[in-house]
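Numbering (the numbering used here), first residue to last: 2 to 262.
Idealized CB from N, CA, C, for every residue including glycine.
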(Lines of atoms letter the chains of each structure in order from A; the text may use other names.)
(Lines give C-alpha, C1' and ligand atoms only; values in the text may rest on other atoms or scores of the structure.)
Protein backbone atom coordinates (compact mmCIF):
# COMPACT_ATOMS: atom_id res chain seq x y z
CA UNK A 2 0.00 0.00 0.00
CA UNK A 3 1.34 3.41 -0.96
CA UNK A 4 1.53 6.07 1.74
CA UNK A 5 2.27 8.89 -0.70
CA UNK A 6 0.13 12.04 -0.60
CA UNK A 7 0.01 15.19 -2.71
CA UNK A 8 -0.05 18.70 -1.26
CA UNK A 9 -0.13 21.20 -4.08
CA UNK A 10 2.82 20.49 -6.36
CA UNK A 11 4.48 18.50 -3.60
CA UNK A 12 4.40 14.73 -3.22
CA UNK A 13 5.21 13.44 0.26
CA UNK A 14 6.26 9.81 0.71
CA UNK A 15 4.04 9.63 3.80
CA UNK A 16 1.66 11.98 5.64
CA UNK A 17 3.80 12.46 8.76
CA UNK A 18 5.36 15.90 9.21
CA UNK A 19 6.95 17.74 12.10
CA UNK A 20 5.14 20.76 13.49
CA UNK A 21 7.13 23.98 13.16
CA UNK A 22 9.07 24.80 16.30
CA UNK A 23 8.92 21.28 17.75
CA UNK A 24 11.73 19.70 15.73
CA UNK A 25 14.20 22.52 15.17
CA UNK A 26 15.87 21.96 11.80
CA UNK A 27 16.01 18.18 12.16
CA UNK A 28 19.66 18.05 13.20
CA UNK A 29 18.75 18.31 16.87
CA UNK A 30 16.83 15.02 16.77
CA UNK A 31 19.16 12.83 14.69
CA UNK A 32 20.06 10.74 17.76
CA UNK A 33 16.39 9.92 18.28
CA UNK A 34 15.02 9.47 14.76
CA UNK A 35 16.21 9.40 11.18
CA UNK A 36 14.62 12.54 9.66
CA UNK A 37 14.56 10.79 6.28
CA UNK A 38 11.75 8.55 7.59
CA UNK A 39 9.41 11.54 7.70
CA UNK A 40 7.21 12.81 4.90
CA UNK A 41 8.60 16.27 5.53
CA UNK A 42 10.21 18.57 8.09
CA UNK A 43 8.60 21.93 8.74
CA UNK A 44 11.38 24.22 9.91
CA UNK A 45 11.10 26.43 12.97
CA UNK A 46 9.79 29.93 12.24
CA UNK A 47 12.08 31.90 9.93
CA UNK A 48 12.04 35.67 9.44
CA UNK A 49 13.71 38.14 7.09
CA UNK A 50 15.94 39.56 9.83
CA UNK A 51 17.34 37.78 12.90
CA UNK A 52 15.17 37.74 16.02
CA UNK A 53 16.31 37.30 19.60
CA UNK A 54 12.92 36.07 20.78
CA UNK A 55 11.41 36.78 24.17
CA UNK A 56 13.44 36.82 27.40
CA UNK A 57 13.29 33.87 29.80
CA UNK A 58 11.26 32.36 31.27
CA UNK A 59 9.45 31.49 28.06
CA UNK A 60 8.17 27.96 28.67
CA UNK A 61 5.85 26.60 31.35
CA UNK A 62 4.27 23.21 31.83
CA UNK A 63 0.52 22.84 32.27
CA UNK A 64 -1.55 19.90 33.50
CA UNK A 65 -2.08 18.60 29.96
CA UNK A 66 0.44 20.39 27.80
CA UNK A 67 2.73 23.38 27.84
CA UNK A 68 2.84 27.11 27.26
CA UNK A 69 5.57 28.64 25.15
CA UNK A 70 6.51 32.21 24.37
CA UNK A 71 9.79 31.70 22.53
CA UNK A 72 8.95 34.57 20.19
CA UNK A 73 10.25 33.16 16.89
CA UNK A 74 13.91 33.26 17.87
CA UNK A 75 16.00 32.62 14.75
CA UNK A 76 19.02 33.97 12.89
CA UNK A 77 17.13 35.06 9.79
CA UNK A 78 16.46 33.57 6.37
CA UNK A 79 19.91 34.34 4.96
CA UNK A 80 21.56 32.40 7.78
CA UNK A 81 19.13 29.54 7.16
CA UNK A 82 20.01 29.41 3.46
CA UNK A 83 23.78 29.77 3.95
CA UNK A 84 24.37 27.70 7.09
CA UNK A 85 21.42 25.45 7.94
CA UNK A 86 20.12 24.30 4.56
CA UNK A 87 23.42 22.83 3.27
CA UNK A 88 23.60 20.64 6.38
CA UNK A 89 20.07 19.21 6.06
CA UNK A 90 19.85 18.56 2.33
CA UNK A 91 21.18 15.07 3.12
CA UNK A 92 17.74 14.15 4.45
CA UNK A 93 15.59 12.21 2.01
CA UNK A 94 12.50 14.17 2.88
CA UNK A 95 10.75 17.39 1.92
CA UNK A 96 11.94 20.64 3.47
CA UNK A 97 9.21 23.13 4.31
CA UNK A 98 10.12 26.54 5.70
CA UNK A 99 7.79 28.21 8.18
CA UNK A 100 7.83 31.92 7.26
CA UNK A 101 6.92 34.73 9.66
CA UNK A 102 7.19 38.50 9.47
CA UNK A 103 6.33 41.86 10.99
CA UNK A 104 4.38 43.05 7.97
CA UNK A 105 3.40 42.09 4.43
CA UNK A 106 6.71 43.32 3.02
CA UNK A 107 8.66 41.00 5.34
CA UNK A 108 6.67 37.96 4.24
CA UNK A 109 6.97 38.88 0.57
CA UNK A 110 10.77 39.38 0.71
CA UNK A 111 11.31 36.08 2.50
CA UNK A 112 8.92 34.12 0.26
CA UNK A 113 10.44 35.60 -2.90
CA UNK A 114 13.95 34.66 -1.79
CA UNK A 115 12.93 31.09 -0.90
CA UNK A 116 11.11 30.66 -4.19
CA UNK A 117 14.49 30.54 -5.93
CA UNK A 118 16.09 28.08 -3.50
CA UNK A 119 15.87 24.67 -5.15
CA UNK A 120 15.99 22.50 -2.03
CA UNK A 121 13.21 24.43 -0.29
CA UNK A 122 10.18 22.43 -1.37
CA UNK A 123 7.41 24.57 0.15
CA UNK A 124 6.70 27.31 2.64
CA UNK A 125 4.22 27.45 5.48
CA UNK A 126 3.03 30.99 6.19
CA UNK A 127 2.91 31.57 9.92
CA UNK A 128 -0.04 33.92 10.34
CA UNK A 129 -0.89 32.63 13.79
CA UNK A 130 2.01 32.93 16.25
CA UNK A 131 0.37 34.15 19.49
CA UNK A 132 3.52 35.26 21.31
CA UNK A 133 5.03 38.03 19.20
CA UNK A 134 4.10 41.69 19.40
CA UNK A 135 4.16 42.41 15.65
CA UNK A 136 2.91 40.32 12.74
CA UNK A 137 1.93 36.72 13.38
CA UNK A 138 -1.52 36.38 14.83
CA UNK A 139 -2.74 39.77 13.58
CA UNK A 140 -2.84 38.33 10.05
CA UNK A 141 -4.52 35.12 11.15
CA UNK A 142 -7.35 36.80 13.01
CA UNK A 143 -8.25 39.53 10.52
CA UNK A 144 -9.86 38.38 7.27
CA UNK A 145 -8.88 41.45 5.25
CA UNK A 146 -5.26 41.35 6.37
CA UNK A 147 -5.06 37.65 5.54
CA UNK A 148 -6.41 38.30 2.03
CA UNK A 149 -3.88 41.09 1.49
CA UNK A 150 -0.99 38.97 2.71
CA UNK A 151 -1.86 35.85 0.69
CA UNK A 152 -2.45 37.83 -2.48
CA UNK A 153 0.96 39.49 -2.14
CA UNK A 154 2.85 36.28 -1.34
CA UNK A 155 1.16 34.26 -4.07
CA UNK A 156 2.43 36.79 -6.63
CA UNK A 157 6.06 36.02 -5.76
CA UNK A 158 5.97 32.42 -4.59
CA UNK A 159 5.14 29.74 -7.15
CA UNK A 160 5.84 26.52 -5.29
CA UNK A 161 3.61 24.83 -2.71
CA UNK A 162 2.12 27.37 -0.29
CA UNK A 163 0.69 26.27 3.05
CA UNK A 164 -1.08 28.60 5.49
CA UNK A 165 -0.88 27.85 9.22
CA UNK A 166 -4.17 29.06 10.67
CA UNK A 167 -4.84 30.45 14.11
CA UNK A 168 -7.29 28.68 16.41
CA UNK A 169 -7.86 31.98 18.23
CA UNK A 170 -10.84 32.92 16.06
CA UNK A 171 -14.59 32.40 16.22
CA UNK A 172 -14.96 30.67 12.84
CA UNK A 173 -11.74 29.13 11.59
CA UNK A 174 -13.52 27.80 8.52
CA UNK A 175 -13.89 31.37 7.23
CA UNK A 176 -10.10 31.74 7.27
CA UNK A 177 -9.74 28.34 5.61
CA UNK A 178 -11.98 29.50 2.75
CA UNK A 179 -10.00 32.73 2.35
CA UNK A 180 -6.76 30.74 2.21
CA UNK A 181 -8.15 28.53 -0.54
CA UNK A 182 -9.62 31.39 -2.55
CA UNK A 183 -6.35 33.36 -2.40
CA UNK A 184 -4.31 30.48 -3.81
CA UNK A 185 -3.06 28.46 -0.84
CA UNK A 186 -2.32 24.83 -1.70
CA UNK A 187 -3.03 23.57 1.83
CA UNK A 188 -3.77 24.73 5.36
CA UNK A 189 -2.34 23.69 8.70
CA UNK A 190 -4.96 23.47 11.43
CA UNK A 191 -3.82 24.88 13.71
CA UNK A 192 -1.31 26.85 15.75
CA UNK A 193 -1.41 27.15 19.54
CA UNK A 194 -4.09 28.69 21.73
CA UNK A 195 -3.33 31.89 23.61
CA UNK A 196 -2.99 31.01 27.29
CA UNK A 197 -1.55 32.12 30.60
CA UNK A 198 -0.27 30.64 33.85
CA UNK A 199 0.51 32.33 37.18
CA UNK A 200 2.98 31.23 39.84
CA UNK A 201 0.99 31.29 43.08
CA UNK A 202 4.18 31.58 45.13
CA UNK A 203 5.55 34.68 43.41
CA UNK A 204 2.16 36.07 42.29
CA UNK A 205 3.70 36.62 38.86
CA UNK A 206 3.00 35.15 35.41
CA UNK A 207 5.13 32.09 34.66
CA UNK A 208 6.14 33.59 31.30
CA UNK A 209 8.04 36.83 30.84
CA UNK A 210 5.70 37.59 27.93
CA UNK A 211 2.76 37.06 30.36
CA UNK A 212 0.88 35.00 27.76
CA UNK A 213 1.99 32.22 25.44
CA UNK A 214 0.82 29.49 23.13
CA UNK A 215 -0.84 26.41 24.65
CA UNK A 216 -0.08 23.06 22.99
CA UNK A 217 -0.34 19.42 23.97
CA UNK A 218 -3.11 16.85 24.57
CA UNK A 219 -5.43 19.46 26.08
CA UNK A 220 -6.05 21.11 22.72
CA UNK A 221 -6.59 17.98 20.61
CA UNK A 222 -10.41 17.81 20.88
CA UNK A 223 -10.71 21.47 19.89
CA UNK A 224 -8.32 21.17 16.94
CA UNK A 225 -10.17 17.99 15.93
CA UNK A 226 -13.39 19.98 15.72
CA UNK A 227 -11.65 22.67 13.69
CA UNK A 228 -10.19 20.15 11.23
CA UNK A 229 -13.65 18.70 10.73
CA UNK A 230 -15.19 22.16 10.21
CA UNK A 231 -12.55 23.15 7.66
CA UNK A 232 -12.94 19.85 5.83
CA UNK A 233 -16.60 20.70 5.24
CA UNK A 234 -15.82 23.94 3.40
CA UNK A 235 -12.52 23.56 1.49
CA UNK A 236 -11.12 21.11 -1.05
CA UNK A 237 -7.42 21.79 -0.42
CA UNK A 238 -5.51 19.39 1.87
CA UNK A 239 -5.56 19.91 5.62
CA UNK A 240 -2.51 19.27 7.80
CA UNK A 241 -3.69 18.56 11.35
CA UNK A 242 -1.47 19.82 14.16
CA UNK A 243 -2.10 19.72 17.87
CA UNK A 244 -1.99 17.20 20.70
CA UNK A 245 -0.82 14.18 18.72
CA UNK A 246 0.77 11.76 21.20
CA UNK A 247 -0.06 8.32 19.81
CA UNK A 248 -0.93 6.66 16.51
CA UNK A 249 -4.59 6.61 17.55
CA UNK A 250 -4.56 10.42 17.64
CA UNK A 251 -3.32 10.49 14.05
CA UNK A 252 -6.08 8.12 12.93
CA UNK A 253 -8.67 10.36 14.57
CA UNK A 254 -7.40 13.35 12.64
CA UNK A 255 -7.49 11.44 9.36
CA UNK A 256 -11.09 10.45 10.08
CA UNK A 257 -11.92 14.10 10.77
CA UNK A 258 -10.66 15.09 7.31
CA UNK A 259 -6.92 15.62 7.57
CA UNK A 260 -4.67 14.63 4.67
CA UNK A 261 -1.50 14.81 6.77
CA UNK A 262 -0.51 15.26 10.39
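The three-state secondary structure of residue 66, taken from DSSP, is strand.
Taken through DSSP and simplified to helix, strand or coil, residue 48 comes out as coil.
The residues 157, 158, 159, 160, in chain order, have a CB closer than 7 Å to that of residue 116 in the same chain once the five nearest residues on each side in sequence are set aside.
Residue 120 counts as exposed, since fewer than 16 other C-beta atoms from the protein chains shown sit within 10 angstroms of its C-beta. In this structure, DSSP gives residue 205 an extended state, which the three-state scheme calls strand.
Of the candidates 39, 65, 100, 75, 100 places its Cα closest to the Cα of residue 129. Residue burial is scored here from C-beta neighbours: residue 234 has fewer than 16 other C-beta atoms within 10 angstroms and is therefore classed as exposed.
Closest in C-alpha terms to residue 219, from the list 166, 180, 238, 193, comes 193. Sequence-distant partners of residue 243 (beyond 5 residues in either direction) whose C-beta falls short of 7 Å from its own C-beta, in its chain, are 191, 216, 220, 221, 224. Per DSSP, residue 88 is not a residue of any beta strand (DSSP E); the alpha helix (DSSP H) it occupies stretches across 86-89. For residue 169, the secondary structure class from DSSP, reduced to helix, strand or coil, is coil.
The continuous stretches of alpha helix (DSSP H) do not include residue 195, which lies in the beta strand (DSSP E) extending over residues 194-197. Contact between residue 36 and residue 42 holds: CB atoms are separated by about 6 Å, below the 8 Å threshold. Spanning the alpha carbons of residue 103 and residue 78 requires a straight line of approximately 14 Å. In this structure, the straight-line span from the alpha carbon of residue 56 to that of residue 71 is close to 8 Å.
Closest by C-alpha distance to residue 261, out of 2, 10, 19, is 19. The secondary-structure analysis by DSSP pairs residue 75 across a beta bridge with 52. Taken in chain order, the unbroken stretches of beta strand (DSSP E) that lie wholly in the segment 88-135 and span 3 residues or more are 95-100, 123-127.
Spanning the alpha carbons of residue 58 and residue 138 requires a straight line of approximately 21 Å. Taking the CA atoms as reference points, residue 122 sits about 24 Å from residue 178.
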